[in-house]
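Down below is the structure, laid out as structure tokens.
2 protein chains.
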Amino acid sequence: MTGTTTKADWIAVDWGTTNARAWAMGGANTVLAEALSDMGMARLDPSQYEAVLLDMIGDWLGDGTTPVIICGMAGARQGWIEAAYAAVPCPALSADLTPVPTDDARLQVSIIPGLKQDHPADVMRGEETQIAGFLSLNPRFDGVVCLPGTHTKWAHVSASEVVSFQTAMTGDVFAAIAGHTVLRHSTTTDGWDDDAFATALTEAQTRPETLAAHLFGIRAEGLLHGMGNETARARLSGLLIGIELAATKPYWLGRDVALIGAPRLCALYETALAAQGITAIRTKGDGMTRAGLCAARALTKPAKD
Amino acid sequence: MTGTTTKADWIAVDWGTTNARAWAMGGANTVLAEALSDMGMARLDPSQYEAVLLDMIGDWLGDGTTPVIICGMAGARQGWIEAAYAAVPCPALSADLTPVPTDDARLQVSIIPGLKQDHPADVMRGEETQIAGFLSLNPRFDGVVCLPGTHTKWAHVSASEVVSFQTAMTGDVFAAIAGHTVLRHSTTTDGWDDDAFATALTEAQTRPETLAAHLFGIRAEGLLHGMGNETARARLSGLLIGIELAATKPYWLGRDVALIGAPRLCALYETALAAQGITAIRTKGDGMTRAGLCAARALTKPAKD
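First to last, the protein sequences are chains P and F.
Under my numbering, residues 13 to 317 are what the first sequence spells out, in order.
Under my numbering, residues 13 to 317 are what the second sequence spells out, in order.
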């Protein structure tokens, strides 16, 4: 064979709200090439997905059909095509991916469904693939997988199934308060204050109701006593993660906890859990996504391949 | 005397973050004319206030000097001139207004100072004037004055003094969450759901920590079970006012409560307090502001006038 163009056995895609990331895969789990796009779900109509996908991965296609497995918000109701949620308790992944019709015959696209829980009502889309990736690497894990982020997910995993889960929109609320309330004057900084974070964590866990009183206190401490923005930002984060830990105690108490996500954010949750006597396992989020897409490929690959 | 132009004995001004409102006053408390401006503190440099004020009230000035008494954010550090906070416990108003130098000799401007509390750190600016107005009309009141708004204030008033106070930035947080998180998809409506409000109030007061879990539940209930936006909005409001009542219980429990503010918002607090067995007194916010400015005029008027 000649030429330098990579041809993929199959293609893995993580298609989120703001970005898409694709990998040309060789065999089960070898990455041959990678592509990025800023055309996330929020910027696309259903009719535009195929062209954006071909822009990213067109060079990797050979003469036959190439399987493309997608996870994330491309499967939302407002995405490419809705991949209906699977209801917990169930495995994080099943072989029932949602097929996506395409004009280009070289593409064989399918989307991984999200998970739903009827009561209390909850949904996830994308995180199920990270959980599946983690379980593919840790098949005997029994405990709680926590995925910190804009909408932090706490999933109880047992016997290779997601038993139940709970979302706390802590990151979303943090950004809204730090960006769009009077606290925007107090929290603009890249700095941090470990002690303020730890104190706020304890306060919010011990007396969660005082969150309502402590928020404006951050502003007033700055006005009256010169509290710095690094302290204010750490305190806001500590209050919000603290009340989240109080709300999710039935999840993490007395269980093994695995953290999947961005290192800096996971470190905050690790610190917060350590204060409660929980030693969490930490793994990187993007690696788990790809591992999950590989697990989906293994589940759905025809036996004759 | 001829001519139709109103001349004021003195002028009352409520100068807030986004708007300013002025009244030409005759004698102690008769309103002769009114003027509005959208040039709030947020849009002004200190050097611009005098011109904006003259635009509003220039026609009301006679040949001599006219006292102008201002309350609100014009006295903030980023306002016209800083009117240093008085420290509680203290009367809502003292005779020590902060004088403002002006170029126009017809003006004799002064600003009412806000109140501060050192521990727990808290500040108010503008609400002290409403409290003073309420107390001028209810001089024997002993209890709690609650001023619902962007930053709701709870002030313990006894023997004509503000003993202590507590701010909950519930309105600010509600607007940030309803406008800048994933819940913006769920809460856009003018509708309302009384039952959802009442249920959420109870949940947040009984188990405040579950706020962290219940927020994303609003989104998930919409996706999975078709919860309407009017229910979602009322539920978000109920959760946030519920945790506020849990945090401020030391204020309202067993005390008389007076509500001052916009009728629709006060009605929500009235409902919430009634569920706790508290019958609140309700008054309109703008009337209290003007009554407070009149009280400041009476306190500071030279005896010879």
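Using N, Cα and C, we set each Cβ at its ideal position, and we do this for glycine too.
Keep in mind the model is a prediction, meaning the values are calculated, not measured.
Asked	Found
Do residue 200 of chain P and residue 150 of chain P have their beta-carbon atoms positioned less than 8 Å apart in this structure?	no
When you compare the CB of residue 228 of chain F with every CB in chain P, is at least one pair closer than 8 Å?	yes
Just to confirm the assignment, what range does the beta strand (DSSP E) spanning residue 294 of chain P have?	293–296
Starting from residue 23 of chain F, trace the beta strand (DSSP E) both ways and give me its first and last residue.	22–27
Taking residue 89 of chain P as the reference, give the member of P:123, P:105, P:80 and P:74 with the closest Cα.	P:123
So which of F:254, F:282 and F:271 has the shortest CA-CA distance to residue 211 of chain F?	F:254
Run the CB neighbour count on residue 226 of chain P, radius 10 Å, all protein chains shown included, and call it buried at 16 or more, exposed below.	buried
In chain P, which residues lie with their C-beta within 9 Å of the C-beta of residue 132 of chain F?	225, 226, 229, 232 and 233
Taking the beta carbon of residue 42 of chain F as the centre, do at least 16 other beta carbons fall within 10 Å, making it buried, or is it exposed?	exposed
Check the C-beta distance from residue 144 of chain F over to residue 308 of chain F and give it rounded, since I have them as a contact under 8 Å.	7 Å
Could you tell me whether the Cβ of residue 157 of chain F comes closer than 8 Å to any Cβ of chain P?	no
With distances taken between CB atoms, is the gap from residue 274 of chain P to residue 293 of chain P smaller than 8 Å?	no
Would you call the region 67–76 of chain F and the region 95–102 of chain F in contact, with 3 or more CB pairs under 8 Å?	no
Examine the Cβ distances between the region 126–142 of chain F and the region 30–49 of chain F and report whether three or more of them are shorter than 8 Å.	no
Three-state secondary structure (DSSP) at residue 239 of chain F?	coil
How many Å lie between residue 195 of chain F and residue 279 of chain P at the Cα?	27 Å
So that I know if they touch, is there some Cβ in chain P lying closer than 8 Å to that of residue 191 of chain F?	yes
Checking 8 Å against the spacing of the C-beta atoms, do residue 169 of chain F and residue 80 of chain F come in under that value?	no
In this structure, does DSSP put residue 94 of chain P in helix, strand or coil?	coil
With 7 Å as the limit, tell me which residues of the region 236–247 of chain F have their beta carbon closer than that to any beta carbon of chain P; keep them in chain order.	236 and 237
Could you list the residues in the region 168–187 of chain F with a C-beta less than 8 Å from some C-beta on chain P, going in chain order?	178, 179, 180, 181, 182, 184, 185 and 187
Counting only Cβ pairs nearer than 7 Å, list the residues of chain P close to residue 291 of chain F.	What residue 291 of chain F touches in chain P: nothing, since even the nearest Cβ is about 23 Å away.
Using a Cβ cut-off of 9 Å, pull out every chain F residue sitting near residue 220 of chain P, in sequence order please.	219, 220, 221, 222, 223, 224, 255 and 258
Along the chain, where does the alpha helix (DSSP H) containing residue 68 of chain F start, and where does it finish?	61–69
Cα-Cα, which of F:284, F:97 and F:184 is closest to residue 138 of chain F?	F:97
Less than 8 Å between the CB atoms is what I'm expecting for residue 58 of chain P and residue 95 of chain P, so what's the real figure, rounded?	With 8 Å as the limit, residue 58 of chain P and residue 95 of chain P do not qualify as a contact, their Cβ atoms being about 13 Å apart.
Consult DSSP for residue 300 of chain P and reduce its assignment to one of helix, strand or coil.	helix
Suppose contacts are defined by Cβ-Cβ distances below 8 Å. Is residue 260 of chain F in contact with residue 205 of chain F by that definition?	no
Locate the alpha helix (DSSP H) running through residue 148 of chain P, then write down its first and last residues.	139–149
Quick one, which of P:180, P:186, P:154 and P:183 has its alpha-carbon nearest residue 172 of chain P's?	P:154
With DSSP as the reference, label residue 317 of chain F as helix, strand or coil.	Bear in mind that a pLDDT of 48 at residue 317 of chain F, under 50, signals an unreliable position, so the number given afterwards is only what the model happens to contain. Coil, per DSSP.
Between residue 77 of chain F and residue 120 of chain F, which are expected to be in contact by the criterion C-beta below 8 Å, what is the C-beta distance as a whole number of angstroms?	5 Å
Taking only beta-carbon positions, decide if residue 194 of chain P is within less than 8 Å of chain F.	yes
Taking beta-carbon pairs under 9 Å, can you tell me which members of the region 103–130 of chain P lie near chain F?	128, 129 and 130
Starting from the Cα of residue 288 of chain F, find the closest Cα among F:249, F:276, F:213 and F:146 and give me that residue.	F:213
Distance cutoff 8 Å, beta carbons only. Does residue 269 of chain P sit that close to anything in chain F?	no
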